[in-house]
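Order-wise, the sequence lines are chains U and Y.
Residue 2 is where the first sequence starts when you use our numbering, and the numbers rise one by one after that.
Residue 3 is where the second sequence starts when you use our numbering, and the numbers rise one by one after that.
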Amino acid sequence: MDEPIRSAFEAVHASELSRQRTKLFVRKKTQDYNSRRIRQSQRRRMLSGLCAAAALLCLCLFYFTPAAMIEMDVNPSIEMKVNRLDRVIQVRGLNADGRELVQNVSLLNLPYNRAVRKLMLSQEMEPFIRSHDLITVSVVGAAPGHTEEMLANVACSALTVAGRENVFYCALSEEDIRQARALDLTVLQYQAFQLLSAQDPSVTADIVRAIDKRELLALLSDFEMDSPCDRAARAK
Amino acid sequence: MRSEQDVNTTIDQYADTVARLCMVYLKNPADSEDISQTVFLKYALCDTVFESEEHKKAWLIRVTVNACRDLLKSFFHSRTVSLDTLLQCPVETTDSSREVLEAVLALPKQYREVIYLHYYEGYTAPEIGRLLKKNTNTVYTLLRRAKDILKVSLGGELNG
């Protein structure tokens with residue numbers, strides 16, 4: 002049976018025209034496919050580049066967005082901005098001594114704890130610490146819990162170096178610091194102004210500005226129940 | 003993707019095989035070219051590494067069978083032509099061969115495919131079973147029944 006069937010099918014051929022048309026069709030389609038693939042790969046490359054750039058931008062935005070601010074006022078006044086990872090991302094001197102100090106002590110990208118310690122132990126700060134000048138440390142942040150924790154850590158570092166009687170520390174909201182600057186008061190003066198004006202509304206910012214720092218501290222210590230450093234130690 | 007030279011060589015080598023399978027399945031020469039283009043385009047774009055020429059041929063047969071089945075599913079009623087129309091297509095054959103071809107193409111589809119693969123392509127029943135995803139015993143049964151029908155329809159022509 003094999004032979005007749007084989008002979009019957011043997012006679013069936015794809016015509017030469019059909020072969021040529023098939024070759025042409027495949028060539029055209031593969032060329033289209035190739036150019037589409039090139040376009041797709043170019044698009045993919047561009048898209049991955051854009052994604053990488055967007056990711057980098059997000060990372061930069063995340064890293065360089067300040068989440069809290071630490072202000073230290075001795076004579077040199079310094080402002081440190083801290084990101085969500087608790088790293089110092091910006092340091093600024095608020096007066097001439099402060100500007101000179103930040104030029105000599107590198108604090109950028111350090112964890113804020115280490116930055117404060119480094120600053121307190123720096124050669125430039127030594128004369129102020131030795132002369133028992135009053136050190137004001139304030140932490141400003143949007144998240145109250147985190148601000149308290151930062152204040153406890155910063156205050157502990159400051160107290161260790163300068164002694165309890167020489168350090169004033171407080172946590173402030175962003176609104177508080179705006180108000181203090183609007184009234185041209187230091188953090189210490191503003192805290193005292195708030196307390197005094199609550200007792201006696203006739204107390205003005207000018208009156209508070211005229212009071213000596215030590216007197217203001219003594220005034221405030223009457224109201225202060227305990228320090229954040231003590232609270233942190235108790236929590237531990 | 004394969005080179006143009008490789009594709010053209012394969013078309014020259016296997017265009018007849020694809021055309022014959024199309025005839026077995028579709029009985030319509032007009033669709034044969036469409037299927038042929040689909041099959042060789044798939045070959046051009048696929049990344050399959052063939053171990054041998056036999057492997058490549060089996061792959062092409064498998065793809066052709068699937069393409070024909072897909073076409074039959076979608077266009078069966080509207081595109082089928084009569085056997086007379088089919089045999090108007092250019093086939094250089096003698097009267098007896100033409101008669102055999104007519105008889106084979108008049109068989110039900112499941113018989114046609116096994117007859118073609120066994121008698122023309124020389125595949126064994128287990129090989130046909132693998133190609134068509136059928137049980138080997140089913141293939142044997144189909145072959146026996148197809149032979150019986152052909153013997154009846156062709157009388158003494160298939161003796162031997």
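Positions of the beta carbon are idealized from the N, C-alpha and C atoms, including for glycine.
Only a predicted model underlies this, so the values are computations on that prediction, with no experimental measurement involved.
Taking residue 171 of chain U as part of the beta strand (DSSP E), name the residues at either end of that continuous run. Residue range 168 to 173 is occupied by the beta strand (DSSP E) that includes residue 171 of chain U.
Residue 6 of chain U: contacting residues in chain Y (beta-carbon distance under 7 Å): Chain Y residues near residue 6 of chain U: 102, 106, 117, 121, 122.
Name the two residues that bound the continuous alpha helix (DSSP H) containing residue 44 of chain U. 17 to 65 is the extent of the alpha helix (DSSP H) around residue 44 of chain U.
Are the C-beta atoms of residue 112 of chain Y and some chain U residue less than 9 Å apart? Residue contact check for residue 112 of chain Y against chain U: no CB pair falls below 9 Å.
Alpha carbon of residue 122 of chain U to alpha carbon of residue 41 of chain U, nearest angstrom: Taking C-alpha positions only, residue 122 of chain U is separated from residue 41 of chain U by approximately 59 Å.
Please classify residue 157 of chain U as buried or exposed, where buried requires at least 16 other C-beta atoms within 10 Å of its C-beta. Looking at its Cβ environment, which holds 16 or more other Cβ atoms inside 10 Å, residue 157 of chain U is buried.
Would you verify that the beta carbon of residue 20 of chain U is, or is not, closer than 9 Å to some beta carbon of chain Y? Yes, residue 20 of chain U lies at the interface with chain Y (some Cβ there is under 9 Å from its Cβ).
State the DSSP-derived secondary structure class of residue 79 of chain Y, mapped to helix, strand or coil. Interpretation of residue 79 of chain Y is limited by its pLDDT of 47, a score under 50 that renders its predicted location unreliable; the figure taken from the coordinates is listed afterwards. DSSP places residue 79 of chain Y in helix when its eight states are reduced to three.
Work out the CA separation of residue 45 of chain Y and residue 62 of chain U for me, nearest whole Å. Roughly 50 Å between the two C-alpha positions.
What does residue 142 of chain U pair with, by DSSP beta-bridge criteria? Residue pairing of residue 142 of chain U in beta bridges, as defined by DSSP: U:69.
For the beta strand (DSSP E) containing residue 78 of chain U, list its first residue and its last residue. Counting along the chain, the beta strand (DSSP E) containing residue 78 of chain U begins and ends at 78 to 84.
Using a Cβ-Cβ distance cut-off of 9 Å, determine whether residue 10 of chain Y contacts chain U. Cβ-Cβ to chain U under 9 Å: yes for residue 10 of chain Y.
What did DSSP end up calling residue 99 of chain U once you bin it into helix, strand or coil? In the three-state reduction of the DSSP assignment, residue 99 of chain U falls in the helix class.
Can you name the residues of chain U whose CB is closer than 8 Å to the CB of residue 18 of chain Y? Listed along chain U are 13, 14, 15, each with a C-beta nearer than 8 Å to that of residue 18 of chain Y.
Scan the stretch 29 to 57 of chain U for residues whose Cβ lies nearer than 9 Å to a Cβ of chain Y and list them as they occur along the chain. For the stretch 29 to 57 of chain U, which is checked against every Cβ of chain Y, the residues closer than 9 Å are 30, 31, 34, 35, 38.
So, for residue 191 of chain U: in the same chain, excluding its five sequence neighbours on each side, which residues have a beta-carbon less than 6 Å away from its beta-carbon? Closer than 6 Å at Cβ, skipping near neighbours: 181.
C-beta neighbour in chain Y for residue 87 of chain U, strict 9 Å: No, residue 87 of chain U does not count as interfacial toward chain Y.
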